[in-house]
Each structure stands twice: as C-alpha cells, then as structure tokens.
Amino acid sequence: MNAGNPFSRFRVCRTQCTRFAMLLLCSVPSLAQASSDYYRHVIFDNSLTRDSYFYSHGHASGQSYLEEVNDRLPVESTTFLTPPNALRLQWQSAPDGGWAAEVSAAVIRNRLPGLSGKNLFFWMYSPQRMNAADLPRLVLATMSGGLQVAEFPASFSHPLQLGKYTGDVPAAHWVLVRIPLADCRTASIHPLKPEYVESLTFQQGRADGVRHTLIVDEIRIGDDPAKAVPLPTPTHVQATGYDRHVEIEWNEVQAASVARNVIYRSLDGQKFAPIGMQLPGIHRYEDFLGKAGVHAQYKVAAEDWRYKQSKLSVTTEAATRELSDDELLTMLQKACFHYYWEGADPHSGMARENMPGDDRIVATGASGFGIMALMVGVDRGFITREEGMQRLTRIVDFLEHAQRYHGAWSHYMDGNTGQTMAVFGMYDDGGDLVETSFLMQGLLAARQYFRGESAQEKALYQRMTGLWQTVEWDWYRETPGSNFLYWHWSPDWAFQIHHPLIGFNEVMITYLLSMSSPSHAVPASLYYSGWASQAQLAMSYREGWSGSKDGNLYGNGNTYYGIKLDVGVGTGGPLFFTHYSFMGFDPHSLHDRFTHSYFENNRNIALINRAYSVANPKHFKGYGADAWGLTASDGPNGYMAHAPDKINDEGTLTPTGALASFPYTPEASMAAFKHYYRDLGAQMWDVYGPRDAFDPEANWISPIYMGLNQAPIVVMIENYRTGLVWKNFMSNPEIGDMLKKLDEVSAQEVR
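All the letters of the sequence shown, read from the start, carry residue numbers 492 to 1242 under our numbering.
Following this line, the structure appears as structure tokens:
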C-alpha cells in the first residue's frame, strides 16, 4: 500500500453493506457541539502513544500467538485510514490455545454517557488476501477488562463471526465492516445495551496455524449518513513556524457534513502526504517537526462522513527556527490562552471543565482563571482590548443571570442556561464558595485592568462590582459564631456536605476574599480560627489527606531535601496549592505568624517538589531535574491530586505543575518546559499547548485538556515576566484594607 496516500483505494464489505461505499457511519455534529457529539460515536480513531495503544489489552495462551507490546496492542504508523496511525492485529491461532485483543474507548472525564447509532463500523486492511473463515470472532462489551465479574449492568455479546460481515478480504485494500447492533445478543446474565458499549474484543476463530495481520482503524458507533454533498475547500490557510513545530490555521468550512479536516505536508514541495486530522470546530493543527531549520509546505482538505474530500487548499509554507527563551514563553502562553479563547463555551464565554468532554459543562473556578488569562491575552496582543472587553461582557452577562445561592455560584453550570449541574452528586446542587472565590479573584483582577474612561468600561466596572458585593461570604459560616467557612450550601440540603475550609491548601483565597468583602465580610480572626486552625478537627483533617503529622498544626518547620518548609502539610502537597490562590493575589504581600513570606514558602514547596522528582524514591520512569511538577490532574487511574509523597505519587507528571511555578523557580521551570516541548512535543504539544498530563511508566498521555490547568501557565508566567495580574488584583482597595486587618489580628495572636 502507498502509505503516503492511505485514502487512494477502498473496498466495501460485500455482505450487507455494498451500498455503503466509503462511509464513516455516524450522525453529524453541529460545530458548537463537535466535541461532545464526536465522542458519542468514537471508540478508536488514533493513538496518542506511538508504540502501543494504552486503552487496549492483548493476551495469548497455549500455542496461539498475539503480537503485544507490554500486554497492549501495537500501533501501526505506516498504514492507516485516518492519519497518523491505526492498530495492528497480528495473530496465529492454534488448536490448543486462544488469544484475545481488546480495544476500549479512551477514558475521558465527563464524557457524555451513551453512544449514538444503530451500527458498529470499523475499517480493516490486510496485507495478504484472507478467507472469511480465517477472520477473528468479535465480542462487544459494556465494560473493559474482560468482564471477569459480570457486575450489573455490565454485559457482553455472543461472539460474532467477523467473516459473515466481510466475506473474503482482498490484499492491500481498506475494507469497511458494518455490523448492525441488533445482531449483538447478550451472552451475559444481564441484557446487552449497545449504547453503553465500551470495548470490543477480537478473539481466536478458526485454528488454521497461519500468521495473519490486520490493520484496524476508525472504530465507531453510528447511523448511516445522508447523501454526500460536495464540500467547499478550506480557505485562508496559513502556516507559522515556531521553535520545533509549525502551526497551520484555516477558515472553518461551514457545512454540517464535515467530519474532519485532513492536513497534508510536503518537505520537498512535490509529494504531499496526510499527517493528521482535526475535528470540526477546531481550525488549527500543530505539526511537530522536532528541530529548528525545517521548511515544510501544507495543504488542508475538508472530509465528510463518506470519506469524500474537498479539493486540497492552496499551499502554505513555513519553517521552524530557534526561538529565544522570551519567545518560547510567549509561544507557550499564547497556546494555552487558546483554551479560553477558542475553546470557551460560545454562549457564555465561560471555560469548559475539560476538552474533550461534555460541552455543556462550564466550570466556575476555571472561568475565573480564564478571565485572568484573557487579561494576559490582551496585554500580549493575542487579541485586541475590544475583543477582550466583548468576551468579558459576555461572561458578566451570563453570571448576572446564572443561578446563585446567597451570591455564590455552583461548581458547574450549563453554559447555555446558567443552571446548576450537580456533577458531584445530589448534595452538590447549590453554591460552591471555593469555586466562587476563584471566579471572583479573576473578576477583581479584570475590574482593575479594564478600568478605562470609556462608557463601556465604566459600566462593566460597576457590574463586576455588583457581582462582588452580592456574594454573601458570611452566610457560608453556617452560624454567626462558627470558626470556619464551609465549602457548600444547597437550598435543598443546606450544609449537608459540611466541609470546613482548613489550610494549608488551595483555598486560602476564599478566606482572603471573605475577609475583604465590602458588604458581607467575615472577621479577620477567622483566618486563625478556621484557615490556620489549631483545633483537633483541623489536625485530623490535615493528617487525613496527607497521611503525615508534619504540619498538622498548619505550621510545619521541617526540612525536606535540605529545604525548610514554614507552612504546609507533609512535604507541601500538590503544586496547585501554590497556584490557585496566588494567580491574582501576590504572595509577596502576605505573611502571618507562621511565615514571613508566602512567596518564599511557595517557592520552597516548588523546590521540594522538584527535589523529590530528582530523588525519585519510587523509581518511576521519566522523573528528573527537567521532569517534575506533581500536581492535580487525570492519570491512568483517574483524577488525583498528585503530590511528592508515598501516598499521592503514582508516576504521573502534570506540566502545569512546573510551568505555573515560573515565578518561584524560573530556571527549573524553563528547563522543564524545554524538555516537555523539545523532547516530548511530538506527543505532548497540541492546539492548547502541552497536554494535561502524562505517565511515562504506564506509557499514558492524557486525552484531555483541563480548564484548571492551562490558565495557571498563562497567568503565572505573566506574573513572572511583568507582574501584570498580581499588580491589578492587588490594586483593589479592599485587598489592602484586608491585609491591614490581618496584620492587626496576627499581632494580637503573637501576644
């Protein structure tokens, strides 16, 4: 096969699908819901890791053989249907053995439950002719992992004879497999619900003793598509060269039938080969070339669900070049900024919780971070001041009409309606004071930055002031005499969750803002009775999440890796403790009776985090002086607050940990960035900058970006470079007044 043009020849399965030539059978998404809709169909399209596919499992027994890479299926990067790769299935079936190769959907947090469509489709390619009788059998399951225990409602199907749906397979042709889901009968004790299929398993069929190979690509659930209509050619295609990659941009083809855009590259100006694809709704692609001084040409084509492409666009070209450190930082900030500019909810302007994910869900705290990133975008010239004002106005419009609970917003809202989305369960259907404080931190910084003389800016200032004044911080004490602020309140469940806010962690900003409120302030004494509480409740709380008695009375005083820690539990915890509360609030300005400087304390937490990664006591692959930054993110086993300790370190590195620590550790953070970008960028660098997390030990790369993780990179780098966000936030007069009150209380405590 000509690997440079995998779309050149197709053969459609003879049995039951002759009329479906060159289909990818899936309902058509609207551009506004492209991500959610796409992931209600896809089981596999491409692998982020290049040697093996993380969400797969392979096993052979007896004399049977299955090609595996660390118990996973190998990735095929030469022959593919959709660039840049596919899965390779190579087996040999013996009478006394067996083999099974499972492919599961990527685990994406907040993925909409339920697949949509009546058929299972995938494409396969065999280098040699293969008889239908020699093809594997196929089992569909609503859980991954082989269903060793059939826990309700998990179920699996009777094995399907794949050859029944394909007939004999010719050599070197892509073959479309179409299996009606109605053919899948349960073999479990529970009914099979095809819309909840999570995996399909190829298994040994006829034991012919012959080595076979199939390339499998584009596994989807979907319906038969509408009749094809010729697609327009993408226009205004441009390429920009950076240090190790080229960014290709184009104008979106406005057609509902667009399934993807396919990007072609040439290094000689003659032969163009497909190198990748991009979902509708995203009109940029990052081509990582790996070194400076590479000149490349690009074309883009739109493609529909029948794999019919538009004409190729005109050629654009660019070359990579060595960037200075200052240019690299601007490149990084701009890339991460796009998450909050291009990726924001189109109706509200708010930040989505994660992408891909459920496009309905906007996150209150991440939106506050995004507002501060918006300031940086304006100041750096990524967007105009007028564009920034328009976006901020849209966000304020939304917040004024969204559901509130004594002035606080919920953790998650529907971006279209402003209604609360109780993602964490039925008790979480009300106000979230911590997320509200993250949001308000952003609004107060923006209130000062966009404080111009125009009528528009003056009006926006007043509206943001109104939002600030109507947050009832004091309500979240639960009772007037309480020593703590509490995280949640619900009109249905009141303080049922009853989670007191106790430091040291990411919620310091909640106490600082509640003490600063011009209308609903809490007494400054709550800083010591609640945040820095010495009560048994607080001691148990700190020991509970950290597994350490170090710092259980808020102050620490111990030395780790030669670095003294004034404040912090255990070895300091995940690095987001030093980011979330200090994106607007300047830690240089804060001290108390436990430390003379929270900037220095935060720096030491970052230095301890790095020193732990260098020491690498659990011997995880990939850690080192330029690979550090343990903080909260998804990992191979789900979301976790990764930290430099025995309990909370599982081998996952999160780039924002090191990159948002630039104000504290500029040299070490730059070294980490150059490693993540220059050494790992082929898999880690994409349209919103470095991907959320990776685990070298597990050979896993996060399939998502997270709203809480990209903005701290943008904002904290800017605070390192110019102090922009710190200066604007700290210029709010309420903050200065609060610090005076805190100093007075701190002096009283010392006596």
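The beta carbon of each residue, even a glycine, is placed where N, CA and C say it ideally should be. On a predicted model such as this, the values are computed, not experimentally measured, just so you know.
With respect to the alpha helix (DSSP H) encompassing M880, which residues constitute its N-terminal and C-terminal limits? What you label residue 880 is simply residue 389 of the sequence shown in a count that begins at 1. Where M880 is concerned, the enclosing alpha helix (DSSP H) stretches over 876 to 892.
Beta-carbon contacts of F1067 that lie in its chain and below 6 Å, excluding the five residues immediately before and after: Position 576 of the sequence shown, counted from the first residue, corresponds to residue 1067. So the list reads E997, T1122, A1123, once near-sequence residues are dropped.
DSSP three-state assignment for Y798, whether helix, strand or coil: Working through the sequence shown from its first residue, we reach residue 798 at position 307. Coil.
Contact between the stretch 882 to 900 and the stretch 794 to 814 is defined here as three or more beta-carbon pairs at a separation below 8 Å; is this criterion met? no
Whole runs of the alpha helix (DSSP H) within the stretch 785 to 872, excluding any shorter than 4 residues: 816 to 832, 855 to 870
Among G636, S690, N622, N601, which has the Cα closest to the Cα of L629? In the sequence shown, residue 629 corresponds to position 138, counting from 1. Comparing Cα-Cα distances from L629 to each of G636, S690, N622, N601, the minimum goes to S690.
Under three-state DSSP, which class holds Y1018? By one-based count along the sequence shown, residue 1018 stands at place 527. Three-state DSSP puts Y1018 in a helix.
If P847 and I599 are in contact, beta carbons under 8 Å, what's the gap, nearest whole angstrom? Start at 1 with the first residue of the sequence shown, and residue 847 comes out as number 356. Start at 1 with the first residue of the sequence shown, and residue 599 comes out as number 108. Yes, they are in contact, since the Cβ atoms of P847 and I599 sit about 6 Å apart, within 8 Å.
For A1102, three-class secondary structure by DSSP: Counting from one through the sequence shown, the residue named residue 1102 turns up at place 611. Helix, per DSSP.
Grouping DSSP H, G and I as helix and E and B as strand, with all else coil, what is W959? To locate residue 959, count along the sequence shown from 1; it is residue 468. Looking at W959 - three-state DSSP - the assignment turns out to be helix.
Whole-angstrom Cβ separation of T821 and R871, contact assumed at under 8 Å? Position 330 of the sequence shown holds residue 821. Position 380 of the sequence shown holds residue 871. Rounded, the Cβ-Cβ distance is 7 Å, consistent with contact.
Identify the continuous alpha helix (DSSP H) that holds P1260 and give its terminal residues. This structure gives no information on residue 1260, because the portion of the chain shown stretches from 492 to 1242.
I'd like to confirm the pairing. Which residues does DSSP put opposite W978 in its beta bridges? Position 487 of the sequence shown, counting from 1, holds the residue named residue 978. Answer is none; W978 lacks a bridge partner.
With H, G and I counted as helix, E and B as strand and the rest as coil, what does DSSP make of I766? Counting from 1 along the sequence shown, the entry for residue 766 is found at position 275. It is a strand residue.
Does the stretch 1037 to 1046 come within contact of the stretch 1054 to 1072, defined as at least 3 CB pairs closer than 8 Å? yes
Measure the Cβ-Cβ separation of E794 and V753 and say whether it is below 8 Å. Residue numbering aside, residue 794 sits at position 303 when the sequence shown is read from its first letter. Residue numbering aside, residue 753 sits at position 262 when the sequence shown is read from its first letter. Cβ atoms of E794 and V753: closer than 8 Å.
Integer Cβ distance of I706 from E558, believed to fall under 8 Å: For the purposes of this step, residue 706 is identified with residue 215 of the sequence shown, where counting begins at 1. For the purposes of this step, residue 558 is identified with residue 67 of the sequence shown, where counting begins at 1. Not a contact, Cβ separation roughly 12 Å.
Reduced DSSP category for A937 - H, G, I as helix; E, B as strand; rest coil: The residue given as residue 937 occupies position 446 in the sequence shown. Note: A937 maps to helix in three-state DSSP.
Hey, could you find the ends of the alpha helix (DSSP H) N1219 is sitting in? Taking the sequence shown and counting its residues from 1, the one referred to as residue 1219 is at position 728. Looking at the DSSP string, the run of the alpha helix (DSSP H) that includes N1219 is 1215 to 1221.
Going by beta carbon distance, what residues of the same chain come within less than 8 Å of A673, once the five residues before and after it are set aside? As a working note, residue 673 is residue 182 in the sequence shown. Taken in chain order, the residues that qualify are K609.
Using a Cβ-Cβ cut-off of 7 Å (strictly less than) and excluding sequence neighbours within five positions of S1010, which residues of its own chain qualify? Residue mapping note: residue 1010 aligns to position 519 of the sequence shown, counting from 1. Closer than 7 Å at the Cβ level, and outside the excluded window around S1010, lie Q960.
How about the stretch 729 to 738 and the stretch 712 to 719: do they share at least three Cβ pairs that are nearer than 8 Å? no
So, for D542: in the same chain, excluding its five sequence neighbours on each side, which residues have a beta-carbon less than 8 Å away from its beta-carbon? Within the sequence shown, numbered from 1, the residue matching residue 542 stands at position 51. Taken in chain order, the residues that qualify are V560, P565, V566, N1190.
Among E891, Q824, Y1130, which residue has its Cα nearest to the Cα of G957? The residue you call residue 957 lines up with position 466 of the sequence shown. Per the Cα distances, E891.
Can you check DSSP and say which residues form a bridge with K1055? Sequence index remark: in the sequence shown, residue 1055 carries index 564 (1-based). Note: K1055 sits in a beta bridge opposite T1050.
Buried or exposed by the 16-neighbour rule on C-beta atoms within 10 Å, applied to S1243: Outside the shown range of the chain (492 to 1242) lies residue 1243, about which nothing can therefore be said.
Pull up the distance between the alpha-carbon of R697 and that of D562, whole angstroms please. Looking up residue 697 in the sequence shown gives position 206. Looking up residue 562 in the sequence shown gives position 71. Straight-line Cα distance between these residues: approximately 23 Å.
Comparing C-alpha positions only, which one of P982, A913, G781 sits nearest to R735? Counted from its first residue, the sequence shown places residue 735 at position 244. Cα-wise, what sits closest to R735 is G781.
Uninterrupted beta strand (DSSP E) stretches inside the stretch 637 to 719 (no shorter than 3 residues): 665 to 671, 690 to 694, 702 to 713
Mapping the DSSP letters down to three states, classify H727 as helix, strand or coil. Walking along the sequence shown from the start, residue 727 turns up at place 236. Of the three classes helix, strand and coil, the one that applies to H727 here is strand, per DSSP.
Extent of the continuous alpha helix (DSSP H) run through F1164: Position 673 of the sequence shown, counted from the start, is the residue given in the question as residue 1164. 1157 to 1165 is the extent of the alpha helix (DSSP H) around F1164.
Return yes when the Cβ of S981 is within less than 8 Å of the Cβ of Y918, no when it is not. Within the sequence shown, the letter at position 427 stands for residue 918. Within the sequence shown, the letter at position 490 stands for residue 981. Against a cut-off of 8 Å, the Cβ pair of S981 and Y918 comes out as a contact.
Which residue's Cα is closest to the Cα of A809: A787, G916, T1147? Within the sequence shown, numbered from 1, the residue matching residue 809 stands at position 318. Nearest C-alpha to A809: A787.
Let me check understanding here. Comparing Cα to Cα, which of K799, L819, G1129, S945 lies closest to R1212? As a position in the sequence shown, residue 1212 is number 721, starting the count at 1. For the residues K799, L819, G1129, S945, the minimum Cα distance to R1212 belongs to L819.
Quick test of the definition: if touching needs 3 or more C-beta pairs under 8 Å, does the stretch 588 to 598 touch the stretch 670 to 686? no
Flag this pair as yes or no: are the beta carbons of Y616 and W665 separated by less than 8 Å? Sequence index remark: in the sequence shown, residue 616 carries index 125 (1-based). Sequence index remark: in the sequence shown, residue 665 carries index 174 (1-based). It is a contact, given that the beta carbons lie within the stated cut-off.
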